[in-house]
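**Student:** Top to bottom, those sequences are chains V and C. Just so we're on the same page, our numbering is the position in the first sequence counted from 1, plus 2. Just so we're on the same page, our numbering is the position in the second sequence counted from 1, plus 2. Could you have a look at this structure, given as structure tokens, before my questions?
There are 2 protein chains.
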Amino acid sequence: MTTPQTSADIIDLGPDLCLRGTRMRFERNAEIFGEEEPAEYIYRVVSGAVRTIRFSPDGRRQILAFHMPGDVFGVEIGDAHSCTAEAVSACDVVLVRRSLLQKAANEDVRAARRWLEMTGQNLLSAQDHTLILGHKGAGERVASFLLRFAERTAGGQHIDLPMSRADIADHLCLTIETVSRTLSELERQCAIALPTSRHVVMRSRSALMQLQAAA
Amino acid sequence: MTTPQTSADIIDLGPDLCLRGTRMRFERNAEIFGEEEPAEYIYRVVSGAVRTIRFSPDGRRQILAFHMPGDVFGVEIGDAHSCTAEAVSACDVVLVRRSLLQKAANEDVRAARRWLEMTGQNLLSAQDHTLILGHKGAGERVASFLLRFAERTAGGQHIDLPMSRADIADHLCLTIETVSRTLSELERQCAIALPTSRHVVMRSRSALMQLQAAA
DNA sequence: CGGGCGATTGATTGCCTTCAAACGTGGTGG
DNA sequence: CCACCACGTTTGAAGGCAATCAATCGCCCG
């Protein structure tokens with residue numbers, strides 16, 4: 003439903019600018035690439051979900067982002083990956099050799115431009131995330147997360163979470179317990195419904211918006 | 003002391019790749035550019051210090067980064083600035099028309115490459131900052147900040163902070179009081195000395211390193 | 001039916017924020 | 001030259017929120 007089968011095994015950089023690659027399947031929790039590894043490919047999600055991760059010096063993991071069908075990830079500036087990527091659920095991913103992107107960027111200004119834009123978008127996302135983590139409480143973080151995720155998957159009021167509470171917790175810098183408690187609290191306030199733990203129904207979008215913006 | 007007068011009014015993008023601009027002086031707390039404003043120039047700090055800021059929906063400010071002499075800032079991907087820049091102290095800044103960077107990127111792959119690298123470096127910094135804010139306490143945040151700042155200014159054990167406690171607080175997502183208390187505590191532990199509130203002497207680098215890495 | 005994992009709920013602790021007051025310093029005007 | 005004021009900083013006391021520790025629940029799968 004999220005991605006039509008017609009999507010070819012390519013990464014689209016704009017008009018007349020497609021890079022051909024190969025499709026590959028990863029099982030749940032499989033590593034797609036690891037931090038410090040040579041960045042041989044760039045990736046696009048076809049189906050399923052992917053998480054990109056970095057680890058703190060003390061071993062805690064921080065989930066930088068979740069990547070949904072259509073999203074491109076693993077595009078590095080240097081020659082090594084700066085983060086790890088894992089399959090949140092079983093997923094199909096298109097791999098395109100990074101040398102193709104490199105070549106395209108050297109020959110076509112538009113490709114270079116596109117590369118820059120993707121990196122810039124990641125930068126803005128990272129900054130947005132910093133703002134959310136900076137001075138927001140658990141309720142606001144979870145509300146922000148749900149709203150943002152709902153936007154990206156375009157499933158209307160219904161959100162199917164592919165990730166566990168632990169994943170959400172490591173993304174929002176909370177504990178599993180706090181995420182769970184917060185979702186329960188939102189349900190108690192009738193802002194959402196939780197038919198199952200992975201299925202969220204947004205009952206009151208405005209309530210979530212209000213929460214998100216709260217001090 | 004930080005920057006020799008010999009530095010010309012240019013922004014250096016690598017070998018044979020300098021963009022000419024003009025120098026300008028800003029007084030303490032003066033706005034250099036504002037969020038959403040057209041990004042007409044890119045900037046380099048000559049002397050003094052600059053902060054880049056974004057505001058939360060609720061009005062709180064988040065200092066994304068401090069820029070010291072030699073640092074380039076205000077390089078945007080889109081046509082508008084995504085953050086505000088202000089002078090932390092009175093400072094000299096070089097302004098280069100963004101159209102020159104645009105032109106250089108179109109004509110020379112190395113310039114485009116440099117642009118990409120700068121953005122990528124900002125992305126990594128933003129992610130590092132997320133990691134620090136994510137699961138670290140006040141002591142670790144302040145220790146990280148001091149170590150990082152000391153590295154960048156290369157003043158040996160001596161750190162001259164150009165910014166106020168409020169600036170540090172808004173960078174580390176703490177309150178002024180907590181920053182002050184934490185610095186006092188570090189002094190009590192003999193990790194640092196505080197001859198004046200803006201002058202920090204690192205007494206035990208290893209103690210700070212240890213703190214920084216703590217859970 | 002049993003086992004294991006993820007999720008939920010409860011009780012307690014600890015850290016940071018908030019509110020409040022005092023301190024020191026630099027600048028200004030008398 | 002000194003008194004005064006403003007602002008940034010420091011320190012103290014109390015409260016709130018999320019982390020931690022701990023137990024139970026529910027579900028999927030063997």
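Glycine residues also receive a C-beta, built at the ideal position from the N, C-alpha and C atoms.
Tell me whether V:Arg200 is buried or exposed, calling it buried when 16 or more other Cβ atoms sit within 10 Å of its Cβ.
**Tutor:** Indexing the first sequence from 1 puts residue 200 of chain V at position 198. Under this definition V:Arg200 is an exposed residue.
**Student:** Is C:Leu21 near C:Ala106, with beta carbons less than 8 Å apart?
**Tutor:** Reading the second sequence from its first residue, position 19 is the one you call residue 21 of chain C. Reading the second sequence from its first residue, position 104 is the one you call residue 106 of chain C. Cβ atoms of C:Leu21 and C:Ala106: closer than 8 Å.
**Student:** Name the DSSP beta bridge partners of V:Glu33, please?
**Tutor:** Looking up residue 33 of chain V in the first sequence gives position 31. Paired residues: V:Glu88.
**Student:** Closer than 6 Å by C-beta to C:Met165: which residues in its own chain qualify, once you throw out the five before and the five after it? Chain order, please.
**Tutor:** For the purposes of this step, residue 165 of chain C is taken as residue 163 along the second sequence, with counting starting at 1. For C:Met165, where only same-chain residues beyond five positions count, the Cβ hits under 6 Å are Val90.
**Student:** For C:Leu15, return the contacting residues in chain V, with the cut-off set at a CB-CB distance below 8 Å.
**Tutor:** Walking along the second sequence from the start, residue 15 of chain C turns up at place 13. Those within 8 Å of C:Leu15 in chain V number zero; the least Cβ separation is about 14 Å.
**Student:** Taking just the CA atoms, how far does C:Arg167 sit from V:Asp14?
**Tutor:** Mapped onto the first sequence, residue 14 of chain V falls at position 12. Mapped onto the second sequence, residue 167 of chain C falls at position 165. Those two C-alpha atoms are separated by around 47 Å.
**Student:** What is the DSSP secondary structure of V:Asp60, counted as helix, strand or coil?
**Tutor:** Residue numbering aside, residue 60 of chain V sits at position 58 when the first sequence is read from its first letter. Coil.
**Student:** Alpha carbon to alpha carbon, what distance is there between V:Asp94 and V:Arg27?
**Tutor:** Here residue 27 of chain V refers to the residue found at position 25 of the first sequence. Here residue 94 of chain V refers to the residue found at position 92 of the first sequence. Those two C-alpha atoms are separated by around 5 Å.
**Student:** Could you tell me whether the Cβ of V:Pro40 comes closer than 8 Å to any Cβ of chain C?
**Tutor:** As a first step, residue 40 of chain V is located in the first sequence; it is residue number 38 there, counting from the start. So no, V:Pro40 is outside the interface.
**Student:** Excluding the 5 residues flanking C:Glu189 on each side, which residues of the same chain have their C-beta closer than 7 Å to its C-beta?
**Tutor:** Here residue 189 of chain C refers to the residue found at position 187 of the second sequence. Excluding positions up to five away in sequence, the list reads Ala195, Leu196.
**Student:** If you draw a straight line from the alpha carbon of V:Ile12 to that of V:Leu103, how long is it in whole angstroms?
**Tutor:** Against the first sequence, residue 12 of chain V aligns to sequence position 10. Against the first sequence, residue 103 of chain V aligns to sequence position 101. One C-alpha to the other measures close to 12 Å.
**Student:** Taking Cβ positions only, does V:Arg100 come closer than 8 Å to chain C?
**Tutor:** Position 98 of the first sequence, counted from the first residue, corresponds to residue 100 of chain V. Not closer than 8 Å to any Cβ of chain C, the Cβ of V:Arg100 fails to qualify, so no.
**Student:** Identify the contact partners of C:Gln129 in chain V, using a Cβ-Cβ distance below 7 Å as the criterion.
**Tutor:** Position 127 of the second sequence, counted from the start, is the residue given in the question as residue 129 of chain C. Here the neighbours are Arg56, Leu66, Ala128.
**Student:** Between the C-alpha atoms of C:Gln7 and C:Asp73, what's the straight-line distance to the nearest angstrom?
**Tutor:** Counting from one through the second sequence, the residue named residue 7 of chain C turns up at place 5. Counting from one through the second sequence, the residue named residue 73 of chain C turns up at place 71. Below a pLDDT of 50, predicted positions are generally treated as unreliable, and C:Gln7, at 48, falls in that range; the measurement from the model is reported next regardless. For C:Gln7 and C:Asp73, the distance between alpha carbons rounds to 16 Å.
**Student:** Give the interface partners of V:Glu37 over in chain C, defined as CB-CB distance under 8 Å, in chain order.
**Tutor:** Mapped onto the first sequence, residue 37 of chain V falls at position 35. Neighbours of V:Glu37 on chain C: none; closest Cβ ~11 Å, over 8 Å.
**Student:** Which residue's Cα is closest to the Cα of V:Asp169: V:Ile161, V:Leu213, V:Val181?
**Tutor:** Your numbering for residue 169 of chain V matches position 167 in the first sequence. The alpha carbon of V:Asp169 has as its nearest neighbour, out of V:Ile161, V:Leu213, V:Val181, the alpha carbon of V:Val181.
**Student:** Please report whether the beta-carbon of C:His2 lies at a distance below 8 Å from any beta-carbon of chain V.
**Tutor:** The first residue shown for chain C is 3 and the last is 217, placing residue 2 of chain C beyond what the model contains.
**Student:** What residues of chain V sit near C:Leu218, judged by a beta carbon separation below 9 Å?
**Tutor:** The question about residue 218 of chain C has no answer here: the residues shown for chain C are numbered 3 through 217.
**Student:** Between the alpha carbons of C:His160 and C:Arg205, how many angstroms are there, rounded?
**Tutor:** In the second sequence, the residue the question calls residue 160 of chain C occupies position 158. In the second sequence, the residue the question calls residue 205 of chain C occupies position 203. Between the alpha carbons of C:His160 and C:Arg205 lies a distance of about 9 Å.
**Student:** In whole angstroms, what is the alpha-carbon distance linking C:Ala10 and V:Arg207?
**Tutor:** Here residue 10 of chain C corresponds to residue number 8 of the second sequence, with the count starting at 1. Here residue 207 of chain V corresponds to residue number 205 of the first sequence, with the count starting at 1. The straight-line gap from Cα to Cα measures roughly 54 Å.
**Student:** Just the chain C side, please: which residues come within less than 8 Å of V:Cys93 by C-beta, in chain order?
**Tutor:** For the purposes of this step, residue 93 of chain V is taken as the residue at position 91 of the first sequence. Within chain C, no residue comes near V:Cys93; the closest Cβ sits about 23 Å away, beyond 8 Å.
**Student:** CA-CA distance, C:Arg62 and C:Phe75?
**Tutor:** Stepping through the second sequence from its first residue, residue 62 of chain C is reached at position 60. Stepping through the second sequence from its first residue, residue 75 of chain C is reached at position 73. Cα-Cα distance, rounded: 22 Å.
**Student:** Closer than 8 Å by C-beta to V:Arg56: which residues in its own chain qualify, once you throw out the five before and the five after it? Chain order, please.
**Tutor:** In the first sequence, the residue the question calls residue 56 of chain V occupies position 54. Closer than 8 Å at Cβ, skipping near neighbours: Glu37, Arg63, Gln64, Leu66, Ser84, Cys85, Thr86.
**Student:** Nearest chain C C-beta to V:Ala114 closer than 8 Å, yes or no?
**Tutor:** Residue numbering aside, residue 114 of chain V sits at position 112 when the first sequence is read from its first letter. Yes, its Cβ sits closer than 8 Å to a Cβ of chain C.
**Student:** What does the alpha-carbon distance come out to for the pair C:His131 and V:Glu109?
**Tutor:** Numbered from its first residue, the second sequence carries residue 131 of chain C at position 129. Numbered from its first residue, the first sequence carries residue 109 of chain V at position 107. Approximately 35 Å between the Cα atoms of the pair.
**Student:** Return the residues of the region 75-90 of chain V that lie within a Cβ-Cβ distance of less than 8 Å from chain C, sorted by chain order.
**Tutor:** Glu78, Ile79, Gly80, Ser84, Cys85
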